[in-house]
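Protein chains in written order, with our numbering: chain A, 7 to 320; chain B, 7 to 320; chain C, 7 to 320; chain D, 7 to 320. Note that beta-carbon positions come from the ideal geometry of N, C-alpha and C, so glycine has one too. Below is one structure; the comments refer to it alone.
Number of protein chains: 4
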Amino acid sequence: MTRKIGILGCGHVGSTIAHQIIIEGITDTLVLIDPDRDKLSADLLDFQDAQVNLSYHTKLIANDYSALSDADVVISAFGNITKAWETPTDRFAEFPYTKKYVEEAAPRLKASAFKGVLIVVSNPCDVITSIFQKITELPKDQVIGTGTLLDSSRMKRATAAALKIDPRSVIGYSLGEHGNSQFVAWSTVRVLGKPIKKILKEGAYPNADLERIDHDSKMGGHIVFFGKHYTNYGISAAALRLLKAVLNDAHEELPVSNYYQPLDTYLGYPAIIGRKGIIEQLQLDLSVDERTKLKQSADFIKDKTKEALKKNTE
Amino acid sequence: MTRKIGILGCGHVGSTIAHQIIIEGITDTLVLIDPDRDKLSADLLDFQDAQVNLSYHTKLIANDYSALSDADVVISAFGNITKAWETPTDRFAEFPYTKKYVEEAAPRLKASAFKGVLIVVSNPCDVITSIFQKITELPKDQVIGTGTLLDSSRMKRATAAALKIDPRSVIGYSLGEHGNSQFVAWSTVRVLGKPIKKILKEGAYPNADLERIDHDSKMGGHIVFFGKHYTNYGISAAALRLLKAVLNDAHEELPVSNYYQPLDTYLGYPAIIGRKGIIEQLQLDLSVDERTKLKQSADFIKDKTKEALKKNTE
Amino acid sequence: MTRKIGILGCGHVGSTIAHQIIIEGITDTLVLIDPDRDKLSADLLDFQDAQVNLSYHTKLIANDYSALSDADVVISAFGNITKAWETPTDRFAEFPYTKKYVEEAAPRLKASAFKGVLIVVSNPCDVITSIFQKITELPKDQVIGTGTLLDSSRMKRATAAALKIDPRSVIGYSLGEHGNSQFVAWSTVRVLGKPIKKILKEGAYPNADLERIDHDSKMGGHIVFFGKHYTNYGISAAALRLLKAVLNDAHEELPVSNYYQPLDTYLGYPAIIGRKGIIEQLQLDLSVDERTKLKQSADFIKDKTKEALKKNTE
Amino acid sequence: MTRKIGILGCGHVGSTIAHQIIIEGITDTLVLIDPDRDKLSADLLDFQDAQVNLSYHTKLIANDYSALSDADVVISAFGNITKAWETPTDRFAEFPYTKKYVEEAAPRLKASAFKGVLIVVSNPCDVITSIFQKITELPKDQVIGTGTLLDSSRMKRATAAALKIDPRSVIGYSLGEHGNSQFVAWSTVRVLGKPIKKILKEGAYPNADLERIDHDSKMGGHIVFFGKHYTNYGISAAALRLLKAVLNDAHEELPVSNYYQPLDTYLGYPAIIGRKGIIEQLQLDLSVDERTKLKQSADFIKDKTKEALKKNTE
């Protein structure tokens, strides 16, 4: 059957994801949902003008939840940049707004009888992913957040820059919350055939150290945010990678926000991704310190989720 | 040697073009120039974060004109959306700003000893293309505006929608100014193996007529502009198509802004595009009415260009 | 749902089509059917070795007709090169062999309950397409031969070479049988914004004439055949283009072998291609001479088809 | 400047590599060299017929060594399948033939003043790479064999099949000769975030063991070879990956045949690949057993190379 993908929220992130999907010819039909009808109509026509000069043809549908019933994947990309921008160091500043959206969008998605995989990009990613799963009642394995896939990419970018190698040749994960409590699990990071710690100890890169890389990795995010008040290209590429792994049933390993039973919460942790969503979760041998950080990050996400759901029922 | 492309101006349009270039892996090195250093650093890092999850590797260089000396193609994409937005029906509202930019950028591009093909997306496209050519003193054939390539795409989009066919199966051109005086040369438009006028006369599409298609084609542009205050996806795809024709030395036929000797001005008119820019210009058999419209459009462009250059020397 | 494509026959043509599908990441699952189990296992493993270094993941299934039940598109690519090679000027030399295959494959395809679009590459293309449709009892619009799409491509290649332009900038069709009775409908061929006949009359290309282009176009096929005893790259690209138009429901115009009611036979004639196969057939204004050639070509196809089906029931 | 790639030898492997390059639009100009002029002309026309329906335009040049002077990369893909097929277990059966070719081609390549990166696919890969370097006198870092990049891909394919994951999620290398003395360096192989030995010990994959994976990995090669008497798709994807890393100056880590100083020979060993070829060689922490195997493999390559060069000067 025809491939069909839906995107909830077509702001900076959603429309960039849509653009990349259209350019790469990933889908036959793309359903775009956004409350700002004028902006959505504008993007839709702009995409159609683009298609005249592209290699693939993509059918575009606007603001029709019922069209999501047979979608393969739906991507939630709504957000509120303005609010986030006012308190940029806190991803939860956006929360009141994305929470409102998810509470509106999730029941409508459920009502559409959508049975595919839901990918959540909206922030705070782990909490919104959790709420989406609860409201839609989709199996936990079918609701995935991009989570620390972007943080891991930033760690790879910073590591690669320090060692002058291709970021795709860096192995490893950032874990936990897609937010301030996330951390690089350095025990998992490998470059040039060895653990990065060993490489740095060997002394060939005197100007590189983990703290500086960690700092560059995180500062990168801030530079992007302060420079243009939103981020879209990095997150779009991460979302597309996850999307393709689902569509192709690739069983590719990616660190994403998925339900982690030992700590009873969604959080960024590597898993095998396929057509059914999470096929299998990795079981990392983390250091004691990393396990502590993961628990702290999990606690933070759980508190915020509980708080959110509590307010909800008050 | 390495492929190298430069982009002057990384606002909505420039950064979208850069993104598409990076996603499609068109170049080895991409030089981005923009006076807003914070925004540029933000985009640059965001692109680097994206590359971790893309198929190609692209080296990015920021704000270094000297790096353009051996570029294959430079794309001028600067503009001033805010000003354009205040008087959206007039593409010349942006002119004082883009004129200032071109007068600053063109001498620096010339000073870099750039000898490749210059593609101009900045508006008013035909005038800015002309000024760029005059200041850089590059051969006229090496300075090309996207011109009515976008208008032609919009005509194809509207025609295709009316006949329920793929826009890539519509043949024909919009000619003249990339602005209000442009017109669809209906004598050149063919669908389903015949001139569109004949197809419509045959009666199989009772709800389609040229005026409506023309209106939809132009309204499209306004809907995009009013809906999001800029356009980026359609123009990006048009620029990429032109870019690839140049890089591949494809000798592909495209309606672009190029110097049209009979009317002594740059204007949108089909030409054969290759590594040296304009390889050959078509010689259309236009109707009397279309020839008149082309002359009127040319006169408008020439007046505006003269005016601009006059003010320049005052 | 997952995209699924099947290929019947994995010789030179079938495996090249499979390769291009895998490289471009067109499908999630690819079902390959071939009686030569050793060759098929070899290709399958070779494709899997390739996928380690490709951008997309494609699941491969071998020799399972039942897996075709929910395929979107099945491509018939079987043939017998050796036999064809013995009498290369006659595409019907292959017929006894492809006829045997189609009589074996078509009932099994029917039994699989396949309900998608069937694309026939096997030669003699128009006759095999017709037999496939009769045996499978799929709607006529869902059974399409690549037909003169390849001949049209060769005409474009030869025309482009004569005029030093990109073959993608040549418009027009070769019509009729994908075989010796096919002909270029020169009345439909346009380059540089005009009918090719007019362009040649205007005298800018003194060394180009229709006869020579026609000859180069046809000789090309022979050079390929005599040089390597089969053709695969040109036909693969043609099949992929048709395949994408179906999958994307693009409504793209392509000259393919489809049922032409006025002459009651499958033959090469332009049509609009979409998810349901043939969406609409063009109605060309051919010259008297072209209409005669089309009828002659149709008569030839009809005779051969009748003959084939007669032998079948004896 | 224009991207230019050359291919020496257009048999099964060379023409498949050419096809993938053309489909992916990797280059602007492709120079194909082969003594069988009829086969080459056939492939060339077949590629041109294909380009009518592809997204990119590639200029093709046949049998012109002088056109290689400014090529970015030249790929040696000549071989003699028939001879190899007679004694398939011995990659050196092909040697008398490829040796003859390299002794003819290398001086002509040198005479062309080619200064780019030379990628050698021809077998026996490590020996031919070494001879090419000696004759062309190109810097050692600019002459690279695909070597165990293909063996590593096969190991990943077999490992991935055993664990039901994407082969792109398997990390690790096969080292040494691209031939019978090669071995999987299991100490480098990691899956699911851990060394594969640990994963297998943990017991979640009772049916997977290293010996079986190793066997499947190697048998795969034989199944391909016995099934179709040559391999082309896997090696083409490997060559393209290496090619892109060079063109993009990606600094990507890949196990390829490169000069390994400690054992004074070309052999398969991971390195960082960029525009200048080998940018940096990894320094693996191999086990004692693996170091022994690497030395044995190196000795074998050195003996064969010495023997070859000796015969040469007799």
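Next item on the list: Give a yes or no on whether the minimum CB-CB distance between residue 11(D) and chain C is below 8 Å.
Entry: Within the fourth sequence, residue 11(D) is the residue found at index 5, counting from 1. Not closer than 8 Å to any Cβ of chain C, the Cβ of residue 11(D) fails to qualify, so no.
Next item on the list: Enumerate in chain order the residues of its own chain whose CB-to-CB distance from residue 9(D) is below 8 Å, with the five nearest sequence positions on each side excluded.
Entry: Your numbering for residue 9(D) matches position 3 in the fourth sequence. So the qualifying residues of the chain are 32, 33, 34, 35, 78 and 253.
Next item on the list: Please list the segments of the alpha helix (DSSP H) lying wholly inside the stretch 25 to 84 of chain B, counting only runs of 4 or more residues, in order along the chain.
Entry: The alpha helix (DSSP H) runs of length 4 or more contained entirely in the stretch 25 to 84 of chain B are, from start to end of the chain, 43 to 57.
Notebook entry, point to check: Which residues in the same chain as residue 215(D) place their Cβ atom closer than 8 Å to its Cβ, once the five residues preceding and following it in sequence are excluded?
Noted result: Taking the fourth sequence and counting its residues from 1, one reaches residue 215(D) at position 209. Excluding positions up to five away in sequence, the list reads 206.
Notebook entry, point to check: In the structure shown, what three-state DSSP assignment does residue 149(B) receive?
Noted result: What you label residue 149(B) is simply residue 143 of the second sequence in a count that begins at 1. Reduced to three states, the DSSP call for residue 149(B) is strand.
Check: With a cut-off of 8 Å, do at least 3 Cβ pairs link the stretch 108 to 116 of chain B to the stretch 285 to 296 of chain B?
Finding: At 8 Å Cβ cutoff, the stretches do not touch.
Next item on the list: Count the other C-beta atoms from every protein chain shown that fall within 10 angstroms of the C-beta of residue 264(D), then say buried if there are 16 or more, exposed otherwise.
Entry: Indexing the fourth sequence from 1 puts residue 264(D) at position 258. Of the other Cβ atoms in all chains shown, 16 or more fall within 10 Å of the Cβ of residue 264(D); this residue is therefore buried.
Next item on the list: Could you give the DSSP three-state label for residue 281(D): helix, strand or coil?
Entry: Walking along the fourth sequence from the start, residue 281(D) turns up at place 275. In the three-state reduction of the DSSP assignment, residue 281(D) falls in the coil class, being assigned neither a helical nor a strand state.
Item checked: Collapsed DSSP secondary structure at residue 197(A) in the structure displayed -> By 1-based counting over the first sequence, the position of residue 197(A) is 191. Here DSSP, grouped into helix, strand and coil, assigns residue 197(A) to strand.
Checklist line | Bridge-paired residues (DSSP) for residue 10(B) | finding: Here residue 10(B) is taken as the residue at index 4 of the second sequence, counted from 1. Beta-bridge pairing links residue 10(B) to 35(B).
Check: Looking at the unbroken alpha helix (DSSP H) that takes in residue 144(D), where does it start and where does it end?
Finding: Here residue 144(D) refers to the residue found at position 138 when the fourth sequence is read from its first residue. Residue 144(D) -> no alpha helix (DSSP H), and no H or E assigned at all.
Notebook entry, point to check: What does DSSP give as the partner residues of residue 189(D) in its beta bridges?
Noted result: Locating residue 189(D) in the fourth sequence gives position 183, counting from the first residue. DSSP lists 181(D) as the beta-bridge partner residues of residue 189(D).
Margin query: In the DSSP assignment, the beta strand (DSSP E) including residue 103(B) goes from what residue to what residue?
Written below: Within the second sequence, the letter at position 97 stands for residue 103(B). First-last for residue 103(B): 101 to 117, but that is the alpha helix (DSSP H), not the beta strand (DSSP E).
Check: Since residue 199(D) meets chain A, which of its residues come closer than 7 Å, beta carbon to beta carbon?
Finding: Translated into positions along the fourth sequence, residue 199(D) becomes position 193. Contact annotation for residue 199(D) against chain A: 194, 276, 288 and 290 [CB-CB distance below 7 Å, chain order].
Next item on the list: Could you check if residue 309(C) is buried or exposed, using at least 16 other CB atoms within 10 Å of its CB as the buried criterion?
Entry: Mapped onto the third sequence, residue 309(C) falls at position 303. By the neighbour-count rule (16 or more Cβ atoms within 10 Å), residue 309(C) is not buried but exposed.
Margin query: Is the separation between the beta-carbon of residue 291(B) and that of residue 160(A) shorter than 8 Å?
Written below: Here residue 291(B) refers to the residue found at position 285 of the second sequence. Here residue 160(A) refers to the residue found at position 154 of the first sequence. The beta carbons of residue 291(B) and residue 160(A) sit no closer together than 8 Å.
Notebook entry, point to check: Under 7 Å Cβ-Cβ, which residues of chain B neighbour residue 247(C)?
Noted result: Along the third sequence, one-based indexing puts residue 247(C) at 241. Scanning chain B for C-beta atoms nearer than 7 Å to the C-beta of residue 247(C) yields nothing, as the closest lies near 11 Å away.
Checklist line | Status (buried if at least 16 other CB within 10 Å, exposed otherwise) for residue 267(A) | finding: Against the first sequence, residue 267(A) aligns to sequence position 261. Residue 267(A) is exposed by the Cβ-count criterion.
Margin query: Using CA atoms only, rank isn't needed, just tell me which of 177(D), 122(D), 53(D) and 235(D) is closest to residue 155(D).
Written below: As a working note, residue 155(D) is residue 149 in the fourth sequence. The residue from 177(D), 122(D), 53(D) and 235(D) with its alpha-carbon nearest to that of residue 155(D) is 177(D).
Check: According to DSSP, is residue 286(B) helix, strand or coil?
Finding: Taking the second sequence and counting its residues from 1, the one referred to as residue 286(B) is at position 280. Collapsing the DSSP output to three states places residue 286(B) in a strand.
Check: Quick one: any contact between the stretch 238 to 255 of chain D and the stretch 10 to 26 of chain D, if contact means 3 or more CB pairs under 8 Å?
Finding: The way I'd put it, the stretch 238 to 255 of chain D does touch the stretch 10 to 26 of chain D; three or more beta-carbon pairs between them come closer than 8 Å.
Notebook entry, point to check: Given a threshold of 16 other Cβ atoms within 10 Å of its Cβ, counted over all protein chains shown, does residue 191(B) qualify as buried or as exposed?
Noted result: Stepping through the second sequence from its first residue, residue 191(B) is reached at position 185. Result: buried.
Notebook entry, point to check: Using a C-beta to C-beta distance shorter than 7 Å, which residues of chain C count as neighbours of residue 256(B)?
Noted result: By 1-based counting over the second sequence, the position of residue 256(B) is 250. Within 7 Å Cβ-Cβ: 172.
Margin query: If we define contact as Cβ-Cβ less than 8 Å, is residue 314(C) a contact residue for chain D?
Written below: Residue mapping note: residue 314(C) aligns to position 308 of the third sequence, counting from 1. No, no contact with chain D.
Check: With 8 Å set as the bound, which would you pick, yes or no: does the beta-carbon of residue 177(D) sit closer than that to a beta-carbon of chain A?
Finding: What you label residue 177(D) is simply residue 171 of the fourth sequence in a count that begins at 1. Interface flag for residue 177(D) against chain A is set, since a Cβ pair is found closer than 8 Å.
Note to self: I'd like the span of the alpha helix (DSSP H) that includes residue 246(A), first residue to last.
What the structure shows: Counting from 1 along the first sequence, the entry for residue 246(A) is found at position 240. From DSSP, the alpha helix (DSSP H) with residue 246(A) extends over 239 to 253.
Notebook entry, point to check: Three-state secondary structure (DSSP) at residue 133(C)?
Noted result: In the third sequence, residue 133(C) corresponds to position 127, counting from 1. Secondary structure of residue 133(C) (DSSP, three-state): helix.
Notebook entry, point to check: Going along chain C in order, which residues have a C-beta closer than 8 Å to the C-beta of residue 238(D)?
Noted result: Position 232 of the fourth sequence, counted from the start, is the residue given in the question as residue 238(D). Neighbours of residue 238(D) on chain C, chain order: 52.
Next item on the list: Examine chain A for any beta-carbon lying closer than 8 Å to the beta-carbon of residue 253(C), and answer yes or no.
Entry: Reading the third sequence from its first residue, position 247 is the one you call residue 253(C). For residue 253(C), the answer is yes, since a Cβ of chain A falls inside 8 Å of its Cβ.
Notebook entry, point to check: Got a sec? Which residues, its chain only, sit under 7 Å from residue 116(B) by beta carbon, not counting five neighbours each side?
Noted result: Against the second sequence, residue 116(B) aligns to sequence position 110. Excluding five sequence positions before and after residue 116(B), the CB atoms of its chain that fall closer than 7 Å to its own CB belong to 141, 142 and 143, given in chain order.
Note to self: In the DSSP assignment, the alpha helix (DSSP H) including residue 202(B) goes from what residue to what residue?
What the structure shows: Position 196 of the second sequence, counted from the start, is the residue given in the question as residue 202(B). Residue 202(B) -> alpha helix (DSSP H) spans 202 to 207.
Next item on the list: Could you tell me whether the Cβ of residue 311(C) comes closer than 8 Å to any Cβ of chain A?
Entry: Residue numbering aside, residue 311(C) sits at position 305 when the third sequence is read from its first letter. With 8 Å as the cut-off, residue 311(C) does not count as an interface residue toward chain A.
Next item on the list: Could you round the C-beta distance between residue 203(C) and residue 255(A) to whole angstroms and report it? I think they count as a contact, below 8 Å.
Entry: Working through the third sequence from its first residue, we reach residue 203(C) at position 197. Working through the first sequence from its first residue, we reach residue 255(A) at position 249. Going by Cβ atoms, the distance from residue 203(C) to residue 255(A) rounds to 53 Å, so no, they are not a contact pair.
Notebook entry, point to check: List, in order along the chain, the chain B residues whose C-beta lies closer than 8 Å to that of residue 61(C)?
Noted result: Taking the first residue of the third sequence as position 1, residue 61(C) is located at position 55. Here the neighbours are 61.
Item checked: Burial state of residue 133(D), where buried means 16 or more other Cβ atoms lie within 10 Å -> As a working mapping, residue 133(D) is identified with position 127 in the fourth sequence. With at least 16 other beta carbons inside 10 angstroms of its own, residue 133(D) counts as buried.
Check: When you compare only the Cα positions, how much space is there between residue 158(C) and residue 220(C)?
Finding: Looking up residue 158(C) in the third sequence gives position 152. Looking up residue 220(C) in the third sequence gives position 214. The alpha-carbon of residue 158(C) is positioned some 11 Å away from that of residue 220(C).
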